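Step one of this worksheet: look at the structure below.
Laid out in structure tokens, this is it:
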């Protein structure tokens, strides 16, 4: 499978966040948006989102790093870094 | 039913016992009580040979970490438990504060980072580490130090003993028995006393097998994977597992702590055939001091044996219990241990005892604002009313310069005037002394604990 561009990862990630957290539907998300326990996303939703992202992009982000992901940009960085 | 005096007495009873103690991993490997005891004794001997000291353990759900906690305490080391979910910066700050002799973390990269942090002690000042704890006699077990969640003040270090933790396990067992044949799924952080006692020690003490959760990634699958009969959880996790259909059919008992579970959730879980128990306790009391029974009213809390619960004249709940902490520990150079005066702990929670002796929680004492003229405002009531009016639940009432001020989170500055107009209409319905004097608007969410409780003291540092 061809390596996804950052923009493609961003678009897919935003779509997954919107699917998992209906409260965020219609909210514009940028790479600076704080997505962990912010903007209506509680820690449980964040866990769901990361699980979905790992499955979607076939990556495994180390457990220890989950709490360090704060902005959408950091989430995309982690997906890029741990992509197989 | 036996009350174990300390970890050593408990672990000795496991020798020759082939029942499963720990179940873990993708293949559900099993470690018998006998094998666990042997591992703990081996580790204890190794720790003793290194001499006295104290230990900083970053907890996770691996047999190695559990063995290390038991062995260190039994070897007479004071042990500070920290959560693997904390950021590196927070863990490093804790290490600087604690100044441990040894550091234990399963993640090698993290262990290396913390050891390097510890190596810089000589250049650090301001913390006495654990050196101000009263010395232990050679036969005594080490103390276990937990940090409070910090709802109304900075997080505090609570000094517990293996004796108080074992007493807590016993009182839990008296109210909600578990035994051989039960599997207790452990997914709560072991660095929190509710997780340590109610998802580990309680089951290990009275015959249940402990299934060790495989981490956040598998949280939704672990019930189906391990098929527990008992689960201890905080409300948000319990609700998530319920709503996602992640609870297994073998699950018969759900113990919920840290915050109340909404009645609708209790009802749904009962319809699924799960008995729901809600616990009330504090880090300072080594976990639960009262627990609900599986009765019509799911919020009637019945005191655990040995817990002498009283309601003070101002409505505050106080308790005397064998599970009480030794005291708070202040890591400052002039600090040390502050013992509990008179053996009675004032919880800061408000409540009442009904005619049947059941305890009912009504709020936090620090949720009450007392104005200079003596007017008392019970914040949760005001906040519920204001949340409806403003259309946001991210609000908190605080006292600033002796005046009630409403903090509103996740709101753009442009909304300020609209909100002020709404507050004005709210104030018109209130006596002058109880009116809101000002608002503090921030785009950030208001600071909360992991269980969603507002951290009022932190709001004072926010800027409009």
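Residue numbers (my numbering), protein chains in the order written: chain A, 1 to 84; chain B, 1 to 464.
Backbone N, C-alpha and C define an ideal beta-carbon position, used for all residues, glycine too.
Since this is a predicted model, take the numbers as computed values, not measurements.
Query	Result
Coil, strand or helix - residue 66 (chain A) by DSSP	helix
Counted within 10 angstroms of its Cβ, other Cβ atoms place residue 15 (chain A) as buried (16 or more) or exposed	exposed
Residue 68 (chain A): contacting residues in chain B (beta-carbon distance under 9 Å)	87 and 88
Exposure label - residue 5 (chain A); buried when at least 16 CB within 10 Å	exposed
CB contact check: residue 216 (chain B) to chain A, cutoff 9 Å	yes
Residue span of the beta strand (DSSP E) that contains residue 52 (chain A), given as start and end	Run containing residue 52 (chain A): none in the beta strand (DSSP E); it sits in the alpha helix (DSSP H), 43–57.
Interface residues of the region 96–108 of chain B facing chain A [CB-CB below 8 Å]	107
Nearest-angstrom Cα separation, counted from residue 22 (chain A) out to residue 424 (chain B)	32 Å
Euclidean distance between Cα positions of residue 74 (chain A) and residue 222 (chain B)	28 Å
C-alpha gap between residue 379 (chain B) and residue 261 (chain B), whole angstroms	20 Å
Terminal residues of the alpha helix (DSSP H) in which residue 217 (chain B) lies	Here residue 217 (chain B) belongs to no alpha helix (DSSP H), and DSSP marks it neither H nor E.
Coarse secondary structure for residue 86 (chain A), derived from DSSP in three states	Since the first residue shown for chain A is 1 and the last is 84, residue 86 (chain A) is missing from the structure and cannot be characterised.
Supposed close pair residue 29 (chain B), residue 259 (chain B) - CB separation, criterion 8 Å	Rounded, the Cβ-Cβ distance is 33 Å, inconsistent with contact.
Same chain only: Cβ atoms within 7 Å of residue 83 (chain B), ignoring 5 sequence neighbours per side	59, 189 and 191
Interfacial residues, the region 232–247 of chain B to chain A, with Cβ spacing under 9 Å	236, 237, 239, 240 and 244
Neighbour-count burial assignment, residue 67 (chain A), 16 or more Cβ in a 10 Å radius	buried
Residue 36 (chain B) versus B:120, B:10 and B:239, residue with shortest Cα-Cα distance	B:10
Coil, strand or helix - residue 404 (chain B) by DSSP	strand
For residue 369 (chain B): DSSP bridge partner residues	B:377
Among B:455, B:363 and B:249, the one whose alpha carbon lies nearest that of residue 407 (chain B)	B:455
Whole-angstrom distance between residue 166 (chain B) and residue 65 (chain B), CA atom to CA atom	19 Å
Own chain residues within Cβ distance below 7 Å of residue 389 (chain B), not counting five before or after	422 and 426
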